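Enquirer:
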Amino acid sequence: MPGRTVAKLATVTAVVAATVLTVAPTAHADLVTHCIGTGGAVTVPNDLYVPAGESCALTGTTITGNVTVAAGGNLVVTGGRISGEVRVSADGYLDATQTTVDGQVVLAAGGYGIFLSDARTGTVTVRPKGSATIDSFLFAEESTVAGNVTVGAGEVRLDRGTQVERNLSSTGTYYTDVHDSFVDGTLSVLNSATGSVVCGSAVRGKATFAGNLGGVQVGPNGGLDSCASGGYWGADVSITSTTGGVTVDDNIINGGLTVTGNDPVAQVAANNRIRGGVTGDQAAASANRAARVAAPDREDAGDQRAEVRRTSAVQEATEAGAAKL
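Right, here's the structure in full:
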């Protein structure tokens, strides 16, 4: 993850050794497996629950039911499969690598974050933080979301060939960036505190950027992040009411481009191919494009949070393990 994400998320190196699992009946007489520690290539024949403040690290595990991560809990899954949905509570963390989640993934208000790497999930939802002090994040790389992505808080970055098979919608995030990825539906970024960057990506449906405070960069040579290429837009693109600067560079837009109410006015480079023309106020892109000075790596803090949380979760789970699954 270059640019605003420069640190790589830590690799899980702990050896799968042991796990502490307890089984307790629910009100409906179903069984729930409680996970504290580490587990291997077994099948959990029911729902799985990570208790509050505990860590669970699973490798090659199949879970046939739903998963709940309680407040402050951590779940790290590598090479696994979850037949149901995953719900993560406040200050909870989900890390899924080479893992399939057949159902939806939901991060509650004030949830710590979600990291997906070479994973496949259903719909992904990050709730608005509300009165919570924790600002969430969603990082996805080489992953597929077989549904909508809806985010209402924190830091969002889709990268390295990530695919969203329906719509991507963010409102009130810290930033929402899409690099080298594909959105098969619409893209909407509203009221982001430090703006949005879309580079080297394709968006099939209409794209709307409105009310973003830190600028919008569509393609390379903007002030927010470094990237190599523009993108393809299958319908209209609208960038309005944005402060901090708007740059549109090296894109193919199979529709019209609207740039109104931006302060300063949008810079639209001559190398864009815009089938439906441009509506609104615009200025020519800077001739000295190669001399762009990148903004501070505003994603670093969130990326480091993910690295620390993941490493800590695996360490805690390993230390907690006392009996084989």
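Residues -29 to -1, 1 to 296 (mature numbering (1 follows the signal peptide of the UniProt record, and there is no 0)) make up the sequence shown, in order.
Glycine residues also receive a C-beta, built at the ideal position from the N, C-alpha and C atoms.
Quantities reported herein were computed from a predicted structural model and do not represent experimental measurements.
#1: With DSSP run on the structure shown, which of helix, strand or coil describes Arg128?
#2: Does the distance from the CB of Ser141 to the CB of Val122 come in under 8 Å?
#3: If you reduce the DSSP assignment to three classes, tell me which class Leu(-9) lands in.
#4: Going by C-alpha distance, which of Val59, Arg246, Tyr64, Gln69 is nearest Asn45?
#5: Reducing DSSP to helix, strand and coil, say where Val285 ends up.
#6: On the CB-based measure, 16 or more other CB atoms within 10 Å of its CB, does Val285 come out buried or exposed?
#7: Going straight from the alpha carbon of Asp155 to that of Gly227, what length do you get?
#8: Rounded to whole angstroms, what's the CA-CA distance from Val279 to Ser107? Just pull it up for me.
#9: Hey, how far is the Cα of Tyr203 from the Cα of Leu29?
#10: Would a C-beta distance cut-off of 8 Å place Ser212 and Asn233 closer than the cut-off?
#11: Leaving out five residues before and five after Gln253 in sequence, what residues of the same chain have Cβ atoms less than 8 Å from its Cβ?
#12: Could you tell me which of Pro99, Val97, Val72 sits nearest to Thr115, measuring between CA atoms?
#13: Would you say Gly193 and Asp220 are within 8 Å of each other, going by their C-beta atoms?
#14: Which runs of the alpha helix (DSSP H) at least 4 residues long sit entirely within the segment 23 to 68? Give them in chain order.
#15: Let me confirm a value: Leu195 is counted as buried when at least 16 other C-beta atoms fall within 10 Å, else exposed. Which label applies?
#16: Rounded to the nearest angstrom, how far is the Cβ of Tyr146 from that of Thr165, given a contact under 8 Å?
#17: Skipping 5 residues on each side, what residues in its chain have a beta carbon closer than 6 Å to that of Val135?
#18: Distance, Cα to Cα, Asp207 vs Gly143?
#19: Would you mind reading off the limits of the beta strand (DSSP E) that contains Ile7?
#20: Could you tell me the alpha carbon to alpha carbon distance between Asn37 and Arg131, rounded to whole angstroms?
#21: Applying the criterion that 16 or more other CB atoms from any shown protein chain within 10 Å of the CB defines a buried residue, is Asn183 buried or exposed?
#22: Leaving out the 5 sequence neighbours to the left and right, which residues in its chain are closer than 6 Å to Ile223 when beta-carbon positions are compared?
#23: Kindly indicate the opening and closing residues of the beta strand (DSSP E) around Gly84.
#24: Span of the beta strand (DSSP E) holding Ile210?
#25: Excluding sequence positions up to five away, which residues of its chain have a Cβ less than 7 Å from the Cβ of Ala23?
#26: Between which residues of its own chain and Val48 is the CB-CB distance below 6 Å, once the five residues before and five after are set aside?
#27: State the start and end residues of the unbroken beta strand (DSSP E) segment that holds Thr214.
#28: Quick one: Cα of Thr157 to Cα of Phe180, how far?
#29: If the criterion is Cβ atoms closer than 8 Å, does the pair Thr35 and Pro16 meet it?
#30: Identify whether Ala254 lies in helix, strand or coil by the three-state DSSP scheme.
Expert: On the basis of the data shown:
#1: strand
#2: For the 8 Å CB-CB criterion, Ser141 and Val122 form a contact.
#3: Low per-residue confidence applies at Leu(-9): pLDDT is 46, beneath 50, and the placement is therefore not dependable, though the value from the model is reported in the following sentence. Residue state, collapsed to three classes: strand.
#4: Comparing Cα positions, the closest option is Tyr64.
#5: helix
#6: buried
#7: 18 Å
#8: Taking the straight line from one Cα to the other gives about 14 Å.
#9: Rounded to whole angstroms, Tyr203 to Leu29 spans 38 Å at the Cα level.
#10: In terms of Cβ geometry, Ser212 and Asn233 form a close pair [threshold 8 Å].
#11: Val230, Val236, Ala237, Gln238, Val239
#12: Val72
#13: yes
#14: Runs found: none.
#15: buried
#16: Indeed, because the Cβ distance is near 5 Å, the residues count as touching under 8 Å.
#17: Here the set comprises Val116, Val120, Val154.
#18: 22 Å
#19: 2 to 10
#20: 28 Å
#21: By the beta-carbon neighbour count (other beta carbons within 10 angstroms, threshold 16), Asn183 is buried.
#22: Tyr203, Arg244
#23: 84 to 88
#24: Here the beta strand (DSSP E) through Ile210 covers 208 to 211.
#25: Ala41, Ala42, Gly43, Gly44
#26: Leu29, Ala67, Thr70
#27: Where Thr214 is concerned, there is no enclosing beta strand (DSSP E), given that its DSSP letter is neither H nor E.
#28: Between the alpha carbons of Thr157 and Phe180 lies a distance of about 11 Å.
#29: yes
#30: strand
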